[in-house]
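Residues in the sequence shown are numbered from 112 upward in steps of one, following my numbering.
We put the CB at the ideal spot given by N, CA and C, even for glycine.
A quick write-up on the structure given underneath.
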Amino acid sequence: MTPSERSLRAHLTRTESLNAVYEGTLIEETGRAEVTIGVTDRRLLGRSADGEFLDVKQEYITSIRSRLHSSPTYRGVDDRLVAGVGAMIVAIAVVALALTALRLPAAEGMATIGLAVATLAGGSAAELARRRYVRVREALGRLERDRGFDFDLDLDLDLDLDLGSDRDRLLLGGLGGGLLATVSFLWLLAAIGPLAGLLVLVAGGGLALAEYGVRLETEYDGLEFATEREKRVEITTVDGRTVELRTDPDASLERELGCQSTQHHYDPIESVQYDAP
Numbered sequence: 112m113t114p115s116e117r118s119l120r121a122h123l124t125r126t127e128s129l130n131a132v133y134e135g136t137l138i139e140e141t142g143r144a145e146v147t148i149g150v151t152d153r154r155l156l157g158r159s160a161d162g163e164f165l166d167v168k169q170e171y172i173t174s175i176r177s178r179l180h181s182s183p184t185y186r187g188v189d190d191r192l193v194a195g196v197g198a199m200i201v202a203i204a205v206v207a208l209a210l211t212a213l214r215l216p217a218a219e220g221m222a223t224i225g226l227a228v229a230t231l232a233g234g235s236a237a238e239l240a241r242r243r244y245v246r247v248r249e250a251l252g253r254l255e256r257d258r259g260f261d262f263d264l265d266l267d268l269d270l271d272l273d274l275g276s277d278r279d280r281l282l283l284g285g286l287g288g289g290l291l292a293t294v295s296f297l298w299l300l301a302a303i304g305p306l307a308g309l310l311v312l313v314a315g316g317g318l319a320l321a322e323y324g325v326r327l328e329t330e331y332d333g334l335e336f337a338t339e340r341e342k343r344v345e346i347t348t349v350d351g352r353t354v355e356l357r358t359d360p361d362a363s364l365e366r367e368l369g370c371q372s373t374q375h376h377y378d379p380i381e382s383v384q385y386d387a388p
């Protein structure tokens, strides 16, 4: 017996039997909740994880409507879309920067383009050096941990020296690229103004987004389109209350409740007094 079924059985009377149990969503005017649905020989029960409880006697049900609903959905990330948006942002920023430079005197315009290129190139070089530096440092760490199991000491020493040399070069390259980007950007702000600096930042963001899209190509399989299907069962009671339950499309909730087809109406039972829960 599952925990969900056990929680429903706690609400049964001694002579009441639990005929079917489903997982679904309860939708009412007050909101929606994920519930465990139980159909007994007398009632429709529902219980959510936070304690919300549904209790409808079957003789109080006046109509049951059931229909299958399909909705398109997708999963994953489209790397081409991400890279395309990034490239579009870069193109717009570059065009805007070029138009800004054309409105300036020739010397200032050339300086604007040069400083913008230096900022982007320095920032890109610093970021690439940082990533490679992290990988080299991790490789050195693994080599240090495995040193006790390596019997080729000469090869181990040569590899250690090569990685150490790469690490130092990457550190210097990253610092140099970062310094170039910082100085060029500050010079651009001081000489041209904040608009040019903002456009350079936008172009840098576009480059980062495009590069992220390229990396996504190796991490994800792209977009996967699918169709989600669910059964929607709408129940109306004698007092006009409407309860909607959404379950798995293979669930036979309406049949368990006594519905002989997917859409059936019962005559109202006016002689029964209904006490709303």
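Looking only at its chain, what residues have a beta carbon closer than 6 Å to the beta carbon of residue i, apart from the 5 residues adjacent to it on each side?
i: T230; result: A292, S295, F296 and V311
i: G233; result: G288, L291 and A292
i: T223; result: A212, I303 and A307
i: A76; result: Only positions 112 to 388 of the chain appear in the structure, and residue 76 is not among them; the question remains open.
i: R280; result: none
i: L299; result: L226, A307 and G308
Can you check which of these residues, the options, is closest to residue i by C-alpha distance?
i: K342; options: S181, D166 and T124; result: S181
i: D350; options: D277, R214 and T173; result: T173
i: L368; options: I175, G162 and R117; result: I175
i: T353; options: I138, N130 and V132; result: I138
i: G284; options: L239, G317 and L179; result: L239
i: L129; options: E145, A144 and D152; result: D152
i: R357; options: T347, R340 and R366; result: R340
i: L327; options: A301, R191 and E127; result: R191
i: E355; options: P183, Q169, E249 and G142; result: G142
i: R243; options: Y171, A319, L282 and T348; result: L282
Starting from residue i, follow the beta strand (DSSP E) in both directions and report where the run begins and ends.
i: R158; result: R154 to S159
i: R143; result: G142 to T151
With H, G and I counted as helix, E and B as strand and the rest as coil, what does DSSP make of residue i?
i: G304; result: coil
i: T293; result: helix
i: S363; result: coil
i: T173; result: strand
i: A198; result: helix
i: T230; result: helix
i: V344; result: strand
i: L318; result: helix
i: A121; result: coil
i: P114; result: helix
i: L179; result: strand
i: T126; result: coil
How far does the alpha helix (DSSP H) with residue i in it reach, from first residue to last?
i: E163; result: E163 -> no alpha helix (DSSP H), and no H or E assigned at all.
i: R357; result: Unbroken run through R357 is the beta strand (DSSP E), T353 to T358; no alpha helix (DSSP H).
i: L137; result: Here L137 belongs to no alpha helix (DSSP H); instead the beta strand (DSSP E) covers L129 to E139.
Mind checking whether the beta-carbon of residue i lies closer than 7 Å to any heavy atom of the ligand FMN?
i: K342; result: Summarising the ligand content, the structure contains no ligands, and the ligand FMN is consequently not present.
Give me, in chain order, the residues of the same chain whose beta-carbon lies closer than 7 Å to that of residue i; leave out the 5 immediate sequence neighbours on both sides.
i: A204; result: L310, V313, A314 and G317
i: T126; result: none
i: R117; result: none
### Task
Check whether the segment 274-289 touches the segment 208-228, taking contact to mean three or more Cβ pairs, one atom from each stretch, closer than 8 Å.
no
### Query
Three or more beta-carbon pairs under 8 Å between the segment 114-126 and the segment 155-162, yes or no?
yes
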